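Protein chains in written order, with this note's numbering: chain A, 2 to 501; chain B, 1087 to 1443; chain C, 33 to 145. We put the CB at the ideal spot given by N, CA and C, even for glycine. Owing to the predicted nature of the structure, the values given are computational and were not obtained by experimental measurement.
And the structure:
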């Protein structure tokens, strides 16, 4: 007779080198007191883990094979394919930072049971990277215009809005370990992965793409254990009263940061890169983030003295308009993109006005102008209508046209003799908490100050195989494509709005 | 078999819980005495809330409840726990039909104890304000209710808690019905008397959210709303909070002065006290409340709000329909309701489940 | 005299989202049968179930229904998300035990999670 699973799980914990024998290398020291308690409710053994994950992978790959056999990629709404070009590398960035974060936690938290939970998590994050890679390969082989998919994470690090993903996910691995656990396992994986990986699959499905649903729902099924890891860690830390103000501050900052990044990316992808919209992002956010996450969090952690994130009201306000502002911003900066943006039509206008009353007044004229300028024969960009390009927020990396395009709330601050743009109170508070880490990040406009727009695009490398046609286009047609010569003919020079 | 298993008693499914039953004891009392909980209403076989199915054993149903439980239900083995007794030494009953979940059944976080009356006030002809000393380990969430048994009677009644957990008294607002058995008992109650109380129970509680909150209370329905409003205002954000409060006359509006003072203190709190006296005959409190809602809220604001209703059945139904028709999402509608019970047979509204995606 | 009747709960304290497939079909059938107050919404590629206080999945029943032993890990393959506390209760033999979700923290000595 074999020993019961939980007994084996206990035994495995005796076979580790703990910090008394080999101190872990503390990359980032923690401000928290971390008790040795803290449990992994799943008490997972590697053999059970492996069996489960193999079955999950089989199911995803079967779904991808089926999609290839049925040639179902031909049915995918072309707008959605363009959105995937942004969503896939953004997800990969999240998984990469999460894998680093899990490693940080394994080496920082002196608790064998949580370490085992985080070990499985590190393996999960690697699995997710592979799944995102498999999806990218799947679409690359099967969609009509795969241009842009090939750049992967390289595009993200060079694209102005790609930095939003990097900024949102870096605190999950470059941080005080407990702050990282709160940012990664509590705020990102318990709250914000739900819109991306559970709420979006029906959107993908409604736009003809079942492969996304199969892979992302399977990815999220691993987050179930990560949520439990985060809960176990938070519960342990919250039992020491002196930790509570630190936990609250950490939660407040992480929630704001994740909102700026995830809400914006998911809102833009799910509303502006589709034709069929099963829900408005604002409503999906209310369900998954407010009702499920915050509702459950307050009920379980209220008794410890923790409250809902401080800027919930501001976040809710942002949900009305922020992703609309960033979407038109992305459209205005389209030559810098590695994907195409389809102009909106009357049907889209009606949907947006229905779901976001007041939208038409601000955004419809801008989208009409964008559509009117989509032909290279017009030789004009929406960008040229702006008096100056908006600076990017030093913290969240969004263009400073948020939360409302018509009423941005940014401020320019000086720190250590340099000027920085911050888009909001929330980002200013985050900057103030750790200015060194944010100030060291270079700005997109700063890098290209004084360059011709055509040279910027060439430097980014977002050019089709003919060497002159842009990957980005302001429409989804096969003709009337913009080339680098069209752009050079405009004579647009980049001016860093923060240049002295 | 455990020691308990050999005692006279019932097993309650779907939880498989073994409950000892005293000779002559009603099954509901046995369950509650064991610190467990099942939903119940009138407590005398009149409403049908505490229905259960006998799986095995001999359970005798009080024949006076024929109108609540028809012959067919009886044939199918249905009983009302509040008015049935154990005849065999052992029986199994299933309470799955009440919709109760295990944590509710376990009565988690609740107390069952005797406490002292500190005050019996009659702010209006139609209202009692009963104040009790808080029991040990008293920690209700705003909006929850307790059950109360008065001295000399085995009748239990459920009342929402109108005070905060940290308040020095447990306040219960009770609508007075002339000639009611419980009313007569309340009339005889004096400070210093003992009453038995158990609870708190219930999931009618405030969501933690950024949404504007609309509270509508009819008469004694203001009870649970008061601590919910206090909690919401203390949270410190500035999302609008609106209270529509109806009564026959001003004295019928319990805590009116307090709400007026709160409206002066908090810019984002609006208080609408409404009375039916002097209004066109036939216009009811619910109509006035619906008008007040219309004056303050458009479809656009209602779509971004959540609402908490408490009052008599008809009042709650009328406002729930009005709010949903005018743009409130059903997901964000919560209601607590009470049904008049003077001992006669009453129909039972099924638990309303308006929740959807 | 006034009596409260069944309230409409304001909050759903627990919830679970399940990837469409045979396990989920069996779980949904079990929930509908044993816990009628659980609110279930089918969204095509996944189904979401939520409840005020508790959701219990009985692995023994699921094993019978699906004709093979279902353990915690077999359910977790299709659990894409949840909220509340998750409490796996492994059975003594394969295909038994339960997966419990609760709204409130279980306060018990020695358990940090």
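Residue 426(A) by DSSP, collapsed to three states: which one?
Helix, per DSSP.
Could you tell me which residues DSSP pairs with residue 356(A) in its beta bridges?
Residue 356(A) pairs with nothing; no bridge assigned.
So which of 1173(B), 1360(B), 1122(B) and 1358(B) has the shortest CA-CA distance to residue 1146(B)?
When only C-alpha atoms are compared, the closest one is 1173(B).
Go through its chain and collect everything with a Cβ distance to residue 107(C)'s Cβ below 8 Å, but skip five positions before and after it.
Cβ within range, chain order: 55, 59, 89, 91, 94 and 131.
What would DSSP say about residue 1421(B), mapped onto helix, strand or coil?
If DSSP states are grouped into helix, strand and coil, residue 1421(B) belongs with the strands.
Let me confirm a value: residue 1299(B) is counted as buried when at least 16 other C-beta atoms fall within 10 Å, else exposed. Which label applies?
Answer is buried; the Cβ neighbour count reaches 16.
Within the continuous beta strand (DSSP E) that includes residue 1123(B), where are the two ends?
Unbroken run through residue 1123(B): none, as it is neither H nor E.
For the stretch 1135–1146 of chain B against the stretch 1158–1172 of chain B, do three or more pairs of beta-carbon atoms, one drawn from each stretch, fall closer than 8 Å, so that the two count as touching?
Judged by Cβ distances under 8 Å, the stretch 1135–1146 of chain B makes contact with the stretch 1158–1172 of chain B, as three or more pairs qualify.
By a C-beta neighbour count over all protein chains shown, 10 Å radius and 16 as the cutoff for buried, is residue 44(C) buried or exposed?
Residue 44(C) is buried by the Cβ-count criterion.
Using DSSP's beta-bridge definition, name the partner residues of residue 416(A).
Answer is 419(A).
What would DSSP say about residue 1207(B), mapped onto helix, strand or coil?
Of the three classes helix, strand and coil, the one that applies to residue 1207(B) here is strand, per DSSP.
If I measure Cβ to Cβ from residue 423(A) and keep anything under 7 Å in the same chain, skipping five residues before and after, which residues do I get?
Hits under 7 Å: 394, 395, 396, 411, 412, 414, 429 and 432.
Can you look up residue 364(A) in the DSSP assignment and give me helix, strand or coil?
Reduced to three states, the DSSP call for residue 364(A) is helix.
For residue 1302(B) versus residue 1336(B), is the C-beta distance shorter than 9 Å?
No, the Cβ-Cβ distance between residue 1302(B) and residue 1336(B) is not below 9 Å.
Looking at the C-beta of residue 85(C), does it have a partner C-beta in chain B at a distance below 9 Å?
Cβ-Cβ to chain B under 9 Å: yes for residue 85(C).
Measuring alpha carbon to alpha carbon, tell me which residue in 348(A), 303(A), 437(A) and 150(A) is nearest residue 465(A).
Comparing Cα-Cα distances from residue 465(A) to each of 348(A), 303(A), 437(A) and 150(A), the minimum goes to 150(A).
So, are the CB atoms of residue 156(A) and residue 445(A) less than 9 Å apart?
Not in contact: residue 156(A) and residue 445(A) (Cβ atoms no closer than 9 Å).
In whole angstroms, what is the alpha-carbon distance linking residue 60(A) and residue 137(A)?
Answer to the nearest angstrom: the Cα atoms are 17 Å apart.
Could you have a look at residue 1224(B) and say whether DSSP puts it in helix, strand or coil?
Correct three-state label for residue 1224(B): coil.
If we ignore side chains and look at the alpha-carbon of each, how far apart do residue 1087(B) and residue 1104(B) end up?
Only weak support is given to the placement of residue 1087(B): the predicted model assigns it a pLDDT of 37, under 50, and the question is left unresolved by the model.
At a Cβ cut of 8 Å, what residues of the stretch 1322–1339 of chain B count as close to chain A, listed as they run along the chain?
Listed by position, the residues of the stretch 1322–1339 of chain B near chain A (Cβ gap below 8 Å) are 1323, 1324 and 1325.
Any idea what DSSP makes of residue 388(A), helix, strand or coil?
Here residue 388(A) sits in coil by DSSP.
Report yes or no: is there a C-beta of chain B within less than 9 Å of the C-beta of residue 69(C)?
Chain B contact via Cβ: present.
Between residue 1236(B) and residue 1270(B), what straight-line distance do the alpha-carbon atoms span, to the nearest angstrom?
For residue 1236(B) and residue 1270(B), the distance between alpha carbons rounds to 11 Å.
What three-state label does DSSP hand residue 452(A) in the structure shown?
Coil.
With distances taken Cα to Cα, identify the nearest neighbour of residue 1318(B) among 320(A), 309(A) and 237(A).
Checked all of 320(A), 309(A) and 237(A); the closest Cα to residue 1318(B) is 309(A).
Mind checking if residue 76(C) is an interface residue toward chain B, Cβ cutoff 9 Å exclusive?
No, residue 76(C) lies away from the interface with chain B (no Cβ there is under 9 Å from its Cβ).
Could you say which of 230(A), 214(A) and 455(A) lies nearest to residue 334(A) if we only look at CA atoms?
Nearest option by C-alpha distance: 455(A).
So which residues of chain B does residue 295(A) contact, with C-beta pairs closer than 8 Å?
The answer, in chain order, is 1294 and 1295.
What in chain E is Cβ-close to residue 1100(B), meaning under 7 Å?
In the displayed structure, chain E is absent; the protein chains listed are A, B and C.
Quick one, are the C-beta atoms of residue 1286(B) and residue 1327(B) less than 9 Å apart?
For residue 1286(B) and residue 1327(B), no; Cβs fall outside 9 Å.
Distance check for residue 318(A) and residue 1323(B), CA to CA, integer angstroms please.
Approximately 13 Å between the Cα atoms of the pair.
So, with DSSP's three-state summary, where would you put residue 1136(B)?
Residue state, collapsed to three classes: coil.
Thinking C-alpha only, which one of 494(A), 474(A), 470(A) and 498(A) is nearest residue 485(A)?
Ranking the options by Cα distance to residue 485(A), first place goes to 470(A).
Beta-carbon of residue 135(C) versus every beta-carbon of chain A: anything under 9 Å?
By this cut-off, residue 135(C) is an interface position.
Under the rule that 16 or more other beta-carbon atoms within 10 Å means buried, what is residue 478(A), buried or exposed?
When all chains shown are included, residue 478(A) counts as exposed.
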